Structure formats: C-alpha cells, structure tokens
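Novice: Residue numbering for the sequence shown follows our numbering, beginning at 983 and increasing consecutively.
All C-beta atoms in this analysis are idealised placements derived from N, C-alpha and C, irrespective of residue type, glycine included.
Please read these numbers as outputs of a predicted model, since none were measured by experiment.
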Amino acid sequence: MTLQEGKTLPAEIEGLALAVTEEHYRVQPDLMERYGQAGFNKSKRDTAYTLHYLAESVQMDSPSLFVHYIGWLKQLLAGYGLTEADIRLKLELILGRVEAGERDESTDRTIRILEMGIARTAEPAEVPSFLAEDRPLGRESVEYLDALLSGDRAGAYALVDLLFERGESVRDIYAYIFQASQYEVGRLWQTQQISVADEHYCTAVTQSAMSRLYTAWIGSGHKSNSKVLVSACVGGEMHEIGLRMLTDVFEMEGWDTHYLGASVDEDELMNLILRRRADIVALSATMTFHVHLMKKLIVNLRADERSANVLILVGGLPFNVDPSLWTRIGADGYAPDAGGALLEAERMMRGRASRRRRDEGQPAVEGGHELGS
983 MTLQEGKTLP AEIEGLALAV TEEHYRVQPD LMERYGQAGF NKSKRDTAYT LHYLAESVQM
1043 DSPSLFVHYI GWLKQLLAGY GLTEADIRLK LELILGRVEA GERDESTDRT IRILEMGIAR
1103 TAEPAEVPSF LAEDRPLGRE SVEYLDALLS GDRAGAYALV DLLFERGESV RDIYAYIFQA
1163 SQYEVGRLWQ TQQISVADEH YCTAVTQSAM SRLYTAWIGS GHKSNSKVLV SACVGGEMHE
1223 IGLRMLTDVF EMEGWDTHYL GASVDEDELM NLILRRRADI VALSATMTFH VHLMKKLIVN
1283 LRADERSANV LILVGGLPFN VDPSLWTRIG ADGYAPDAGG ALLEAERMMR GRASRRRRDE
1343 GQPAVEGGHE LGS
C-alpha cells in the first residue's frame, strides 16, 4: 500500500485509522470499559496522527522521525494510563494492514520503519529537564519558568529586565532563558504536569517578553548591513516562536529581516522574497508532517528562475531529530538553533560569493586567503 504524506489522501488515512482502532478495540475489549466512546474517538485521532508521522517518515526515508515520535508518544500516553503494550499492539495492527495490502515501491520501507517503531516501545521514554542551575543562566532560567508557571507575568518581565540591565547579552537571554524555558514547558506538557492552557500562557508571556526586550535593544542601537533575511513557517505550521528568535538574532547582527510568522501562503512568501531581494530564506517546521510541504516549497522556489538562486536555510524539530534531513529536501543549510543559524547563514553567503568569483574567473577567497594558496 502507498503510505506517504502528501500522496496518501487524507480520507485514506482517516479510513485506515478507523479500521485499525476498531480492530484494536475488538482485540482489547477492556479499552472500551476503561475509556468509553470518548476514548475510542481520541484513539482514532491518535492513530491518524501516527499514520501521518509514519507517512512522512516513509516519504523522507527517515526512520528516525518515526522512532522519535513513538518515544514522544509513549511518554505522552503514559500520563493517560496507556502502556507500551497498548502502543505496540496498535503499531502491530497497522503493520498487519500494510503487509496484507497491495504492495508498491514504498511497502518494504514502511514495514522496516514500523518494525523500528515497535522496537522503540520497549525502550525507556523519560525526557530529562532542559533546565539546570549549573548551565549558563541556569538559576535565572529556573526562576523565570517558576514565574511563568505561577502566573506571575510581571515577575517574569522584571527578571528579564534585570538581566538586560546587568549586561547579559540579548542572545544569551534568548538562548538560555526564552529557548530553554520553552523546551521545558513542552516537556512539562508532554509529561502531563501542565495543561494546554498553561503551555499557551507561558508561550504568550515569553513572546511578550521578547517584544519588550526587542524595544530595549533596538533603541540602544545595533549593527546594520545590506544582507536580507526573509523567514516563515511553512504550510499550516503554527509553532513560530523559535523562528522569531532566529529572526531577532539576525537583526541584532545587522541583517534586514522580514519575519512572516506562522502558516505562510506560498505565493505571498514568493512575492516578498522577490520584492525584498532576499539573500537567505529561513524556513521552519516543528510538526514532522509539514516537512513534505517544505520540500514542495523549495522545489517551487528552485523551479522559478527569479528565485532559483536564493539560499535556503531550514530548521525545526524534524531537522534536529534527523540532522541530514535538510540535504534530502533541497535546502542549502540547516542549524539547530538561532545562534547556529547565524553562523550557517554567514557560511552560506561566503560560499555563494566564492562560487561567483570562480564563475567570473577570479580566485575564490576564504577567510582572507586565496583557496589553494
């Protein structure tokens, strides 16, 4: 059977999710007693998500994407009383459907990835804290998160103001306070220690704190150069805070930045890239099942002679899970965080300049020296 994100129709995935869930409840009838119809509906929804992650992993030939998801899912569902045996049975039922279905060029890969996911269910799924007092600004990051979780927005702002006033770099505040706390908020939600509402509140306060800090550092003067960055989240991607951090870091280093935020329309993105004559386009995806949309966007950018040579930098959780994934979707570079993205963008710019010099018959220069000298 064909199971690849963007190729398998949504109705097919929904139909398969329903069939697998019905079979799961027949094989394990105590589930209906434990969770009722509401539990059945949630199980079908989770099965559909699992199929989307599997389809993306198959299409991108990246087993690690699915294996990582299964580890995440195991930790999440443990909070609802579901065991590794429950998850393993669900995956085995999916595997049975794949093996019994019509075979195509992706079937063997699908089976192999499913078997790796099944093996992952037997491994520990604990997620360590992202905060520790022995890390840079570690004590302050714990205090900041405590303020968020207690609903003390003013206290969170005051801590950030204090760090800025005492001379901590804005980049360090972004990395060790904002980024670290956001990772920890995600972990706390995953382990059922906070609610979705808590998670949204923490994110909203951090976004507001970033805006307040932006006003402070932009008013104190910063570098300026002629390099242009356009940044956007692809498809229906709504997780935008990491990309905003990246964009701010570029602006701190003098780049002319144009941040479009979440779920950007492809035509609108193309128009802005052309109008602003972008040097770098930064694309972000947090949800694995958006990666094929990013690949499609990159293919379209390359196919248009007006944007064929723009440099494309990608990032987000799927690329951190599979650090070689960016090479398979046609990007020019990848970075795991905002600071790394800036370094990678500068490397990409130097590489383009060297290629242009070679094309013009001039010696390529790297770090102030002719290559080969």
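Assuming residue 1255 is part of the alpha helix (DSSP H), what are its boundary residues?
Specialist: Position 273 of the sequence shown, counted from the start, is the residue given in the question as residue 1255. Start and end: 1248–1258.
Novice: Taking 8 angstroms as the cut-off, is the beta-carbon of residue 1142 closer than that to any non-hydrogen atom of the ligand COA?
Specialist: The model on display carries no ligand, and the ligand COA is accordingly not part of it.
Novice: Is residue 1236 buried or exposed, if buried means 16 or more other CB atoms sit within 10 Å of its CB?
Specialist: To locate residue 1236, count along the sequence shown from 1; it is residue 254. Under this definition residue 1236 is an exposed residue.
Novice: Measure the C-alpha to C-alpha separation of residue 1126 and residue 1138 and round it to an integer number of angstroms.
Specialist: Counting from 1 along the sequence shown, the entry for residue 1126 is found at position 144. Counting from 1 along the sequence shown, the entry for residue 1138 is found at position 156. Cα to Cα, residue 1126 sits roughly 5 angstroms from residue 1138.
Novice: Have a look at residue 1224 and residue 1250 and give me their C-alpha separation to the nearest angstrom.
Specialist: Counting from 1 along the sequence shown, the entry for residue 1224 is found at position 242. Counting from 1 along the sequence shown, the entry for residue 1250 is found at position 268. Each residue's alpha carbon lies about 21 angstroms from the other.
Novice: Should residue 1195 and residue 1231 be called a contact, given that it needs their Cβ atoms to be closer than 9 angstroms?
Specialist: Along the sequence shown, read from residue 1 onward, the residue named residue 1195 stands at position 213. Along the sequence shown, read from residue 1 onward, the residue named residue 1231 stands at position 249. Not in contact: residue 1195 and residue 1231 (Cβ atoms no closer than 9 angstroms).
Novice: Could you name the residues of the same chain whose beta carbon sits closer than 8 angstroms to that of residue 1243, not counting the 5 residues immediately before and after it, in chain order?
Specialist: Mapped onto the sequence shown, residue 1243 falls at position 261. Cβ within range, chain order: 1214, 1215, 1222, 1225 and 1226.
Novice: How many Å lie between residue 1075 and residue 1267 at the Cα?
Specialist: Taking the sequence shown and counting its residues from 1, the one referred to as residue 1075 is at position 93. Taking the sequence shown and counting its residues from 1, the one referred to as residue 1267 is at position 285. So the two alpha carbons sit approximately 29 angstroms from each other.
Novice: Report yes or no: do three or more beta-carbon pairs, one from the segment 1076–1093 and one from the segment 1110–1128, lie closer than 8 angstroms?
Specialist: no
Novice: Could you spell out where the beta strand (DSSP E) holding residue 1272 opens and where it closes?
Specialist: For this step, residue 1272 is matched to residue 290 along the sequence shown. Neither: residue 1272 is in no beta strand (DSSP E) and is coded neither H nor E.
Novice: Less than 6 angstroms between C-beta atoms, sequence neighbours within five positions excluded: which residues of the same chain meet that for residue 1121?
Specialist: The count along the sequence shown starts at 1 and reaches residue 1121 at position 139. Within the same chain, and ignoring the five residues on either side of residue 1121 in sequence, the residues whose Cβ sits closer than 6 angstroms to its Cβ are 1115.
Novice: Skipping 5 residues on each side, what residues in its chain have a beta carbon closer than 7 angstroms to that of residue 1118?
Specialist: Your numbering for residue 1118 matches position 136 in the sequence shown. So the qualifying residues of the chain are 1154 and 1158.
Novice: My assumption, with CB atoms under 8 angstroms, is that residue 1046 sits in contact with residue 1303. Please give the rounded CB distance.
Specialist: Numbered from its first residue, the sequence shown carries residue 1046 at position 64. Numbered from its first residue, the sequence shown carries residue 1303 at position 321. Contact between residue 1046 and residue 1303 holds: CB atoms are separated by about 6 angstroms, below the 8 angstroms threshold.
Novice: Would you call residue 1040 buried or exposed, if buried means 16 or more other Cβ atoms sit within 10 Å of its Cβ?
Specialist: For the purposes of this step, residue 1040 is taken as residue 58 along the sequence shown, with counting starting at 1. Flag for residue 1040 reads buried.
Novice: Thinking just about the alpha-carbon of each residue, which of 1254, 1333, 1248 and 1228 is nearest to the one in residue 1297?
Specialist: For the purposes of this step, residue 1297 is identified with residue 315 of the sequence shown, where counting begins at 1. Of the candidates 1254, 1333, 1248 and 1228, the one whose C-alpha sits nearest the C-alpha of residue 1297 is 1228.
Novice: Would you check if there are 3 or more beta carbon pairs closer than 8 angstroms linking the segment 1051–1060 to the segment 1002–1015?
Specialist: Segments in contact, no.
Novice: Under the three-state reduction of DSSP, which class applies to residue 1143: helix, strand or coil?
Specialist: Translated into the one-based positions of the sequence shown, residue 1143 becomes position 161. Correct three-state label for residue 1143: helix.
Novice: Quick one: what's got a C-beta closer than 7 angstroms to residue 994's C-beta in the same chain, skipping five residues either side?
Specialist: Numbered from 1 along the sequence shown, position 12 holds the residue referred to as residue 994. No residues qualify anywhere along the chain.
Novice: Looking only at C-alpha atoms, which of 1144, 1081 and 1318 sits nearest to residue 1123?
Specialist: Walking along the sequence shown from the start, residue 1123 turns up at place 141. It is 1144 whose Cα lies nearest to the Cα of residue 1123.
Novice: Going by DSSP in three states, residue 1361 sits in which element: helix, strand or coil?
Specialist: The structure shown does not extend to residue 1361, since the chain spans only 983 to 1355, so no value can be given for it.
Novice: What are the start and end residues of the beta strand (DSSP E) that includes residue 1303?
Specialist: On the sequence shown, position 321 is the one that residue 1303 refers to. No beta strand (DSSP E) contains residue 1303, which is instead part of the alpha helix (DSSP H) from 1299–1303.
Novice: Quick one: measure Cβ to Cβ for residue 1313 and residue 1295, integer angstroms, because I've assumed they're closer than 8 angstroms.
Specialist: Position 331 of the sequence shown, counting from 1, holds the residue named residue 1313. Position 313 of the sequence shown, counting from 1, holds the residue named residue 1295. Between residue 1295 and residue 1313 the Cβ distance is about 7 angstroms, and since that is below 8 angstroms, they are a contact.
Novice: Using the three-state DSSP reduction, which class does residue 1262 fall into: helix, strand or coil?
Specialist: Within the sequence shown, numbered from 1, the residue matching residue 1262 stands at position 280. Correct three-state label for residue 1262: strand.
Novice: For residue 1284, does the three-state DSSP call read helix, strand or coil?
Specialist: Within the sequence shown, residue 1284 is the residue found at index 302, counting from 1. If DSSP states are grouped into helix, strand and coil, residue 1284 belongs with the helices.
Novice: I need the straight-line Cα distance from residue 1113 to residue 1318, nearest angstrom please.
Specialist: Your numbering for residue 1113 matches position 131 in the sequence shown. Your numbering for residue 1318 matches position 336 in the sequence shown. Taking the straight line joining both Cα atoms gives about 18 angstroms.
Novice: Bridge partners for residue 1223 per DSSP, in chain order?
Specialist: Walking along the sequence shown from the start, residue 1223 turns up at place 241. Its beta-bridge partners do not exist; DSSP assigns none.
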